[in-house]
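These notes concern the structure reproduced below.
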Amino acid sequence: MSHRIAVAARDLGHHSSGPSNYVYGLIEGLLQVNQKHEIHIYYNMPEARGLFPSAHEHYLPAANIMFWDNWVLPRALKRDGADVTIFPKGTLPIWFPGKALTVVLDLGYFYPDLGAYKIVDTLYMKLALRAASKRAWGIFTISEHTRQDVLRLFRVPPEKTLNIYGACRPDYRPVTDEQTRVRVRRELNLKEPFIFFPASSISPRKNLSRLLDAFE
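Quick note on numbering: numbering that gives the first Met the number 0 labels position 119 of the sequence shown as 118, and the sequence is numbered without any gaps.
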């Protein structure tokens, strides 16, 4: 039986970040394994169009993010008859048609000692994540630690959650060309041993201090 699977790909194509790379990889993997389902991708950034030509791509302009999340996207999902919608940011619109799958990347909002987010953002996201966990048909996590956090903090049935580890895209591979290695060492003034720490930001939740302690 064929289903219409939708992915809310807000902010994709805008800038590189951990969540956006995850969403890109999720869609890429979904298209690779898909045999019979319709895959619909919904963007709010015009530059994202064309990223996945084998899918049904939809660009939905909106005045702001809140309006896009809670009105523009749900209307499009209803119009297109989405059976299941994947929301990779962990939150859900106020209303939505069909079944919803949320993706919880981490729950740093619930760890005040980290001080990773602004107070207003923390209060809003704690409420939004709790509400989404109750309404979602299913919840994906990317680590067993986060899955256990979901079970402990949101008290949802274990069978509602599924941990799916992330995988490296083909872009991330050892460099075998020696000329390239020499050039990068020279340009970055690298002296071995060194740590390669790929991250879009230096946030307390990245635990960089513990990495440096281990290196020391």
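Even for Gly, the Cβ is constructed at its ideal location relative to N, Cα and C.
Query                                                                                                                         : Result
If we call anything under 7 Å between Cβ atoms a contact, is residue 104 one with residue 85?                                 : no
Do residue 87 and residue 22 have their C-beta atoms closer together than 7 Å?                                                : yes
Considering residue 2, what are the terminal residues of the alpha helix (DSSP H) in which it resides?                        : From DSSP, residue 2 is part of no alpha helix (DSSP H); its letter is neither H nor E.
Applying the 10 Å Cβ sphere with the 16-neighbour rule, what's the burial state of residue 81?                                : buried
Contact check, residue 163 vs residue 194 under 8 Å by CB: the rounded distance?                                              : That pair is no contact at about 27 Å.
Please classify residue 10 as buried or exposed, where buried requires at least 16 neighbouring CB atoms within 10 angstroms. : buried
When the Cα of residue 128 is compared with those of 136, 116 and 108, which residue comes out closest?                       : 108
What are the start and end residues of the beta strand (DSSP E) that includes residue 37?                                     : 37 to 42
Tell me whether residue 84 sits in a helix, a strand or coil according to DSSP, three-state version.                          : strand
Whole beta strand (DSSP E) runs in the segment 52 to 84 with 3 or more residues, listed along the chain?                      : 55 to 58
Can you give me the C-alpha to C-alpha distance between residue 97 and residue 117, rounded to a whole angstrom?              : 33 Å
Which class does residue 17 belong to by DSSP, given the choice of helix, strand or coil?                                     : helix
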